[in-house]
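Numbering (the numbering used here), first residue to last: 3 to 237.
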């Protein structure tokens, strides 16, 4: 018997338990946290301001104060890969609701087509592709390559210290994960999980979507122009 896409989505929705939904929302919130840290670091070098929206949480890594823009972006790319993994096989309706959260965050962030760098545009587009479940393997490869390039530049002492900092940042959350899983398993997901998890966002979804569309258009127009200029130079 053929099962239509809508029926499959309904079945997946039933099987999405509260633990999976909560974990995905928490990882998404951490992704915003890394975006804001990247913006904070780059703002000190390019002069563009932004609005910090996640005020009740902070990255606890002891080495975070030493991050430059390149290092911050490498960590952001790692976080995007983690988010990509947690969204795998999640219902379309669930991801669409997270997409509205993304647009609200974007509207409140202070990011716009004028102050959005090519690197930031690339990462915002990557986030939206994840939410739309566009499983682009080249995106994963590119993110992994950039992270590897940064790690390969470290000496043994820097690598060891970096690993210790990562482990210390995740020690507390991991110790509490088993208890959280036990308390949430076999409980059904409801939409208020997303509403409660992101009720601090005051941005407007439609305005955020318009900002994102402008960023996408500008980003790909630049790419097309650069390709054309390269063609003229080498022909």
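Ideal placement from N, C-alpha and C gives every residue a C-beta, glycine not left out.
Host alpha helix (DSSP H) of residue i (start-end)
i           : result
residue 115 : That residue, residue 115, is in no alpha helix (DSSP H); it is neither H nor E in DSSP.
residue 136 : Taken as a continuous stretch (DSSP letters only), residue 136 belongs to no alpha helix (DSSP H), as it is neither H nor E.
residue 111 : 94-111
When the options are compared against residue i, the one with the closest alpha-carbon
i           : options              : result
residue 92  : 22, 45, 75 and 201   : 22
residue 102 : 115, 123 and 205     : 205
residue 73  : 52, 43, 95 and 88    : 43
residue 45  : 136, 20 and 119      : 119
residue 221 : 51, 85 and 117       : 117
residue 104 : 75, 25 and 125       : 125
residue 100 : 217, 24, 122 and 19  : 24
residue 131 : 90, 19 and 55        : 90
residue 68  : 94, 85, 127 and 39   : 39
residue 223 : 115, 198 and 133     : 115
residue 51  : 63, 113 and 203      : 113
residue 96  : 217, 121, 194 and 71 : 194
residue 63  : 53, 77, 54 and 199   : 77
residue 85  : 134, 201 and 198     : 134
Q: Would you list, in sequence order, the uninterrupted beta strand (DSSP E) runs of no fewer than 3 residues that lie entirely inside the region 56-80?
A: none
Q: Please determine if the region 16-29 and the region 79-93 are in contact, where contact requires at least 3 C-beta pairs separated by less than 8 Å.
A: yes
Q: Count the CB pairs spanning the region 35-44 and the region 58-71 that are closer than 8 Å, and state whether there are at least three.
A: yes
(Q) Under 8 Å, with one C-beta from each stretch per pair, do the region 202-220 and the region 98-118 reach the 3-pair mark? (A) yes
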